[in-house]
Amino acid sequence: MRNIKFVMELLDKQLGVSTGASDFGYESVTLDRSELDTDLLPGYFDEIQTDETLLIHFYNVYDYIVYIVADVKDSRWWLVGILKAGKLAFSRRFDL
-17 MRNIKFVMEL
-7 LDKQLGVSTG
3 ASDFGYESVT
13 LDRSELDTDL
23 LPGYFDEIQT
33 DETLLIHFYN
43 VYDYIVYIVA
53 DVKDSRWWLV
63 GILKAGKLAF
73 SRRFDL
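Reminder that position 33 of the sequence shown reads as 15 in my numbering, one-by-one numbering, no gaps.
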């Protein structure tokens, strides 16, 4: 699982959630920007200039999902978000 160390440190630092790598489920998918659920994204997502097709990495542990929105061509990160029980608890953009 790529990025698992980053995800584990992010959950610990931002929400105080301690995890191990074996606790996670993981999936990567490509989606069109229009397919993203805007209720799970920060309000500023529309300001981020991306291509139409995006690579989304999901990391699932306990009641949390960490997602990374990345460029499908070069895997450059645009956004990281943490959902807690289906609600956005943290986000960080990487396009600035």
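For every residue, glycine included, the Cβ atom is placed at its ideal position computed from N, Cα and C. Please read all numbers here as calculations on a predicted model, not as lab measurements.
Look at residue i and residue j and say whether their C-beta atoms are less than 7 angstroms apart.
| i | j | result |
| --- | --- | --- |
| Tyr41 | Val(-11) | yes |
| Trp59 | Ile50 | yes |
| Val43 | Phe6 | yes |
| Ile30 | Val11 | no |
When the Cα atoms are used, what is the spatial distance from residue i to residue j?
| i | j | result |
| --- | --- | --- |
| Leu(-7) | Ile64 | 8 angstroms |
| Asn(-15) | Ala52 | 12 angstroms |
| Lys(-5) | Asp19 | 26 angstroms |
| Ala3 | Lys69 | 23 angstroms |
Go to residue i, then tell me how far its alpha helix (DSSP H) extends in each direction, as first and last residue.
| i | result |
| --- | --- |
| Ile(-14) | Ile(-14) to Leu(-3) |
Between the Cα of residue i and the Cα atoms of the options, which residue gives the shortest distance?
| i | options | result |
| --- | --- | --- |
| Ser57 | Thr32, Lys69, Ala67 and Lys66 | Thr32 |
| Leu36 | Thr1, Ser16 and Gly68 | Ser16 |
| Leu13 | Lys55, Gly2, Ser4 and Ala3 | Lys55 |
| Ala67 | Glu(-9), Lys(-13) and Leu(-3) | Leu(-3) |
| Asp45 | Thr1, Lys(-13) and Glu(-9) | Thr1 |
Which residues bound the beta strand (DSSP E) around residue i?
| i | result |
| --- | --- |
| Asp14 | Gly7 to Asp14 |
| Val43 | Thr35 to Val43 |
| Arg75 | Lys69 to Arg75 |
| Ala3 | Looking at the DSSP string, Ala3 is not in any beta strand (DSSP E), and its letter there is neither H nor E. |
| query | Is the segment 58 to 73 touching the segment 11 to 25 in the sense that three or more CB pairs, one from each, lie closer than 8 angstroms? | reply | The segment 11 to 25 is in contact with the segment 58 to 73.
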